[in-house]
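Asker: To convert, take the position in the sequence shown, counting from 1, and add 351; that gives my numbering.
Cβ coordinates follow ideal geometry from the N, Cα and C atoms, glycine included.
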Amino acid sequence: MKRPLAYFCAEYAIFSKLQTYAGGLGVLSGDYVREVGDEGIPMIAVGLYYSEGFTHKELSPEGRVVDLREASKPEEMGFSLVSDQQGKIILVKLPIQDREVWVRAWKWEYKSVTLLLLDTRVEKNTEQDQHITDTLYSTEKEVRLKQEMILGIGGLRMLLAMGYHPGYYHLNEGHSAFLIYELIHHEMQEHRLAFEEARGRAKQHVLFTNHTLMAAGHDVFSNDLVALTLSQYAEELAIPVKQLVDLGLVQQSSSFSMTMLAMRVAGKINAVSKLHAKKAKEIWTDHPMEPITNGIHLPTWDKTGDGDIWMKHKENKRELIKLIEERTGTVWEERAIILGWARRIVRYKRPLAIVERLKQFGEMARDAKRPIHLVFAGISHPADEDGRELLEELQYRLTSDLKGVAIYLPHYNLELAKTMTAGCDVWINTPVVGFEACGTSGMKAALNGVLPLSTRDGWMDEIEMLGIGWGLPDIDLTEQMMETLKKKILPLFYEQNNEGMPEDWATMMRNARELIVNQYSMARVVKQYMELIELPD
Numbered sequence: 352m353k354r355p356l357a358y359f360c361a362e363y364a365i366f367s368k369l370q371t372y373a374g375g376l377g378v379l380s381g382d383y384v385r386e387v388g389d390e391g392i393p394m395i396a397v398g399l400y401y402s403e404g405f406t407h408k409e410l411s412p413e414g415r416v417v418d419l420r421e422a423s424k425p426e427e428m429g430f431s432l433v434s435d436q437q438g439k440i441i442l443v444k445l446p447i448q449d450r451e452v453w454v455r456a457w458k459w460e461y462k463s464v465t466l467l468l469l470d471t472r473v474e475k476n477t478e479q480d481q482h483i484t485d486t487l488y489s490t491e492k493e494v495r496l497k498q499e500m501i502l503g504i505g506g507l508r509m510l511l512a513m514g515y516h517p518g519y520y521h522l523n524e525g526h527s528a529f530l531i532y533e534l535i536h537h538e539m540q541e542h543r544l545a546f547e548e549a550r551g552r553a554k555q556h557v558l559f560t561n562h563t564l565m566a567a568g569h570d571v572f573s574n575d576l577v578a579l580t581l582s583q584y585a586e587e588l589a590i591p592v593k594q595l596v597d598l599g600l601v602q603q604s605s606s607f608s609m610t611m612l613a614m615r616v617a618g619k620i621n622a623v624s625k626l627h628a629k630k631a632k633e634i635w636t637d638h639p640m641e642p643i644t645n646g647i648h649l650p651t652w653d654k655t656g657d658g659d660i661w662m663k664h665k666e667n668k669r670e671l672i673k674l675i676e677e678r679t680g681t682v683w684e685e686r687a688i689i690l691g692w693a694r695r696i697v698r699y700k701r702p703l704a705i706v707e708r709l710k711q712f713g714e715m716a717r718d719a720k721r722p723i724h725l726v727f728a729g730i731s732h733p734a735d736e737d738g739r740e741l742l743e744e745l746q747y748r749l750t751s752d753l754k755g756v757a758i759y760l761p762h763y764n765l766e767l768a769k770t771m772t773a774g775c776d777v778w779i780n781t782p783v784v785g786f787e788a789c790g791t792s793g794m795k796a797a798l799n800g801v802l803p804l805s806t807r808d809g810w811m812d813e814i815e816m817l818g819i820g821w822g823l824p825d826i827d828l829t830e831q832m833m834e835t836l837k838k839k840i841l842p843l844f845y846e847q848n849n850e851g852m853p854e855d856w857a858t859m860m861r862n863a864r865e866l867i868v869n870q871y872s873m874a875r876v877v878k879q880y881m882e883l884i885e886l887p888d
């Protein structure tokens, strides 16, 4: 039996109602956990349990931008507190600033995978410290830094306290990069090594995956805050705190980057698409990345199966139409083509591109012979003012010239994503090229025969679009979308046989599904990661 793999991530989308995820990173890690479990590979996944969930902005049913968050109880989702053989709750502690903080873990098992979610709701902690892990991606820098100490340092201490000795550590984004310090600490104690020697040994057991090039995805703190927060921890290691801070130092600045820390100490680094690896090389010239393009867990996202793809799609579409009526009161006819856009609402993803020309799109959509319906869903981060502006602008467009034609569905979560990626006819994906590291919503849609209308960013840059969907240029985007809709998509969809089936369209649906099954499954991703890390015995 191989020593288990340890997988660290700040978010996991395991259940819709368990708010331990904010977006694509969490959905990806959730898919990875399930695939690894399906394949029987021993793995411990480590994250944080956020008792008050993820605060986010979305449009309310009344059309106002509101901040929402949902509390959840892990025991209701099958999680239990980690305890020893005598039934006593296992606690670990770590020094943060001038005091010790105690950490416990919630455990959930899926086949060969154990997921541990850490929190600080421990009576031994001060009232303030009990709330460190309350919310995912806290907007307070100091709280965020403490969360990342608990994830990285506390995470490894919990693994060791439970008797786990992983053979390899897979860090996803920089949030868990403090794990590296604790790995070095462990090597120093275990083998009586100096810091730099221990760093060399630790490096051999660390893979770092970068999931984004966007600055907002990389945690940066002031050197002073990091030094203050790590001061007692450095004393435990018997080294100057500056030695720890220097590993994450952004050159010619007074800033500390979790991403730089991870890249400097990881033995292997990878990107999540070929284009992402190429763009990353332009930013981090000293840290080349191996591309492993993301994939999806087919059993989770497949609502179509291997039968008659058009008939099954009609069922999925009816399910979406019913949900739209229940949530918005809007009644849509089944025969109309449905375009879908659903993901985190940020400017580089260009959610408004399809509705930039309101009058033109409205006229096209209301053509009685070839009607169009458009459904949006998505959320933004509470600190993202751009996101608020985009939501407000979207609401204005939906309620002015597009009433009845286009709608926004609130409460975007895993279940809504599954319904939309199976029930729409076309999946819109319009990021600025070079900004989306990979993007997987289009994979989920294509798996269910929902055809892509997309710029060639992330994974879309790797595929031949002919016969499965339509590519869009990065410039003149709205104009090209209108042209493609008018001249290619609508004629193809509405050219139907006597039974109401667009035969050529259905052929493209089968092609799209086949592409995902053969090339973009999470099974392929797991295989590539296992080959990259060569998991030791």
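Out of GLN448, LEU356, TRP652, state which residue places its alpha-carbon closest to the alpha-carbon of TYR520.
Answerer: The residue labelled residue 520 in the question sits at position 169 within the sequence shown. Comparing Cα positions, the closest option is LEU356.
Asker: Evaluate contact between the region 606–616 and the region 642–662, counting only Cβ atoms and requiring at least three cross-stretch pairs below 8 Å.
Answerer: Contact between the region 606–616 and the region 642–662 is absent, because fewer than three Cβ pairs lie under 8 Å.
Asker: Run the CB neighbour count on VAL801, radius 10 Å, all protein chains shown included, and call it buried at 16 or more, exposed below.
Answerer: Taking the first residue of the sequence shown as position 1, residue 801 is located at position 450. Buried, by the Cβ-count rule.
Asker: Using DSSP bridges, identify the partner residues of TRP821.
Answerer: For the purposes of this step, residue 821 is taken as the residue at position 470 of the sequence shown. DSSP, once it has assigned bridges, lists LEU804 as partnering TRP821.
Asker: Could you check where the alpha helix (DSSP H) with HIS762 kicks off and where it finishes?
Answerer: Here residue 762 refers to the residue found at position 411 of the sequence shown. That residue, HIS762, is in no alpha helix (DSSP H); it is neither H nor E in DSSP.
Asker: Quick check: the region 384–399 against the region 711–731, are at least 3 beta-carbon pairs closer than 8 Å?
Answerer: Too few Cβ pairs lie closer than 8 Å, so no.
Asker: Quick check on the burial criterion: 16 or more other C-beta atoms within 10 angstroms. Buried or exposed for VAL682?
Answerer: Residue mapping note: residue 682 aligns to position 331 of the sequence shown, counting from 1. Exposed, because fewer than 16 other Cβ atoms sit within 10 Å of the Cβ of VAL682.
Asker: At the level of alpha carbons, what is the spacing between MET539 and ILE814?
Answerer: Position 188 of the sequence shown, counted from the start, is the residue given in the question as residue 539. Position 463 of the sequence shown, counted from the start, is the residue given in the question as residue 814. Answer to the nearest angstrom: the Cα atoms are 47 Å apart.
Asker: So, helix, strand or coil for TYR871, using DSSP?
Answerer: Stepping through the sequence shown from its first residue, residue 871 is reached at position 520. TYR871 falls in the coil class under three-state DSSP.
Asker: Would you say the region 827–838 touches the region 702–709, given that touching needs at least three Cβ pairs under 8 Å?
Answerer: Touching, per the Cβ criterion.
Asker: For ALA857, which of helix, strand or coil comes out of DSSP?
Answerer: Looking up residue 857 in the sequence shown gives position 506. If DSSP states are grouped into helix, strand and coil, ALA857 belongs with the helices.
Asker: For GLU409, which beta-bridge partners are listed by DSSP?
Answerer: Position 58 of the sequence shown, counted from the first residue, corresponds to residue 409. DSSP output for GLU409 lists VAL417 as bridge partner(s).
Asker: Find out if the Cβ-Cβ distance for the pair ARG861, ILE689 is shorter than 7 Å.
Answerer: The count along the sequence shown starts at 1 and reaches residue 861 at position 510. The count along the sequence shown starts at 1 and reaches residue 689 at position 338. No.
Asker: Which whole-angstrom value is the C-beta distance of VAL452 and LYS444, which I expect to be below 8 Å?
Answerer: Reading the sequence shown from its first residue, position 101 is the one you call residue 452. Reading the sequence shown from its first residue, position 93 is the one you call residue 444. Going by Cβ atoms, the distance from VAL452 to LYS444 rounds to 7 Å, so yes, they are a contact pair.
Asker: Between which two residues does the alpha helix (DSSP H) carrying PRO639 extend?
Answerer: In the sequence shown, the residue the question calls residue 639 occupies position 288. From DSSP, PRO639 is part of no alpha helix (DSSP H); its letter is neither H nor E.
Asker: Assuming VAL433 and LEU467 form a contact by the criterion Cβ under 8 Å, report the distance between their Cβ atoms to the nearest whole angstrom.
Answerer: If you number the sequence shown from 1, residue 433 lands on position 82. If you number the sequence shown from 1, residue 467 lands on position 116. With 8 Å as the limit, VAL433 and LEU467 qualify as a contact, their Cβ atoms being about 7 Å apart.
Asker: Less than 7 Å between C-beta atoms, sequence neighbours within five positions excluded: which residues of the same chain meet that for PRO639?
Answerer: Your numbering for residue 639 matches position 288 in the sequence shown. Same-chain partners within the cutoff: LYS632.
Asker: Taking the alpha carbon of LEU866 as the reference point, which residue from LEU836, LEU841, ALA796 has its own alpha carbon closest?
Answerer: Here residue 866 corresponds to residue number 515 of the sequence shown, with the count starting at 1. Per the Cα distances, ALA796.
Asker: Would you check if there are 3 or more beta carbon pairs closer than 8 Å linking the region 767–781 to the region 690–697?
Answerer: Yes: at least three Cβ pairs fall under 8 Å.
Asker: Using 8 Å as the cut-off, can you tell me whether the region 554–569 makes contact with the region 517–534, which would need three or more C-beta pairs spanning the two stretches below that distance?
Answerer: Result yes; three or more Cβ-Cβ pairs closer than 8 Å.
Asker: Note down the Cα distance separating GLU362 from GLY377, rounded to an integer number of angstroms.
Answerer: Reading the sequence shown from its first residue, position 11 is the one you call residue 362. Reading the sequence shown from its first residue, position 26 is the one you call residue 377. Computed Cα separation, rounded: 5 Å.
Asker: What three-state label does DSSP hand ASP597 in the structure shown?
Answerer: For the purposes of this step, residue 597 is taken as the residue at position 246 of the sequence shown. If DSSP states are grouped into helix, strand and coil, ASP597 belongs with the helices.
Asker: Does DSSP put GLU846 in a helix, in a strand, or in coil?
Answerer: The sequence position of residue 846 within the sequence shown is 495, counting from 1. Coil at GLU846, not helix or strand.
Asker: Note down the Cα distance separating LYS368 from LEU598, rounded to an integer number of angstroms.
Answerer: The count along the sequence shown starts at 1 and reaches residue 368 at position 17. The count along the sequence shown starts at 1 and reaches residue 598 at position 247. Looking at the two C-alpha atoms, the distance is approximately 38 Å.
Asker: Three-state secondary structure (DSSP) at HIS627?
Answerer: If you number the sequence shown from 1, residue 627 lands on position 276. Looking at HIS627 - three-state DSSP - the assignment turns out to be helix.
Asker: Can you tell me whether DSSP reads LYS665 as helix, strand or coil?
Answerer: In the sequence shown, residue 665 corresponds to position 314, counting from 1. Reduced to three states, the DSSP call for LYS665 is helix.
Asker: Going by C-alpha to C-alpha distance, which of PRO853, LEU823, THR791 sits closest to TYR871?
Answerer: Here residue 871 is taken as the residue at index 520 of the sequence shown, counted from 1. When each option's Cα is compared against that of TYR871, the closest is THR791.
Asker: Expressed to the nearest angstrom, what Euclidean distance is found between the alpha-carbon atoms of PHE607 and GLU524?
Answerer: For the purposes of this step, residue 607 is identified with residue 256 of the sequence shown, where counting begins at 1. For the purposes of this step, residue 524 is identified with residue 173 of the sequence shown, where counting begins at 1. For PHE607 and GLU524, the distance between alpha carbons rounds to 15 Å.
Asker: Beta-carbon within less than 7 Å of TYR515's beta-carbon, same chain only, minus the 5 sequence neighbours each way: which residues are those?
Answerer: What you label residue 515 is simply residue 164 of the sequence shown in a count that begins at 1. Closer than 7 Å at the Cβ level, and outside the excluded window around TYR515, lie PRO355, ILE395.
Asker: With DSSP as the reference, please indicate the residues paired to ASN574 in a beta bridge.
Answerer: Along the sequence shown, read from residue 1 onward, the residue named residue 574 stands at position 223. According to DSSP, ASN574 bridges with nothing at all.
Asker: If you draw a straight line from the C-alpha of GLN879 to the C-alpha of GLN479, how long is it?
Answerer: Reading the sequence shown from its first residue, position 528 is the one you call residue 879. Reading the sequence shown from its first residue, position 128 is the one you call residue 479. Taking the straight line joining both Cα atoms gives about 43 Å.
Asker: Mind checking GLY397: buried by the 16 CB within 10 Å criterion, or exposed?
Answerer: Within the sequence shown, numbered from 1, the residue matching residue 397 stands at position 46. Gly is not the amino acid found at residue 397; the sequence shown has Val there. Result: buried.
Asker: DSSP on SER423, reduced to helix/strand/coil?
Answerer: Counting from 1 along the sequence shown, the entry for residue 423 is found at position 72. Residue state, collapsed to three classes: coil.
Asker: Which full runs of the alpha helix (DSSP H) of 4+ residues lie inside the region 489–544, going along the chain?
Answerer: Here the runs fully enclosed are 492–500, 506–512, 530–542.
Asker: Based on Cα-Cα distance, which residue from GLY809, PRO425, PRO824 lies nearest to VAL623?
Answerer: Residue mapping note: residue 623 aligns to position 272 of the sequence shown, counting from 1. Out of GLY809, PRO425, PRO824, GLY809 has the C-alpha closest to the C-alpha of VAL623.
Asker: On the DSSP letters alone, give me the boundaries of the beta strand (DSSP E) that ASP737 sits inside.
Answerer: Walking along the sequence shown from the start, residue 737 turns up at place 386. Where ASP737 is concerned, there is no enclosing beta strand (DSSP E), although the alpha helix (DSSP H) it sits in stretches over 736–751.
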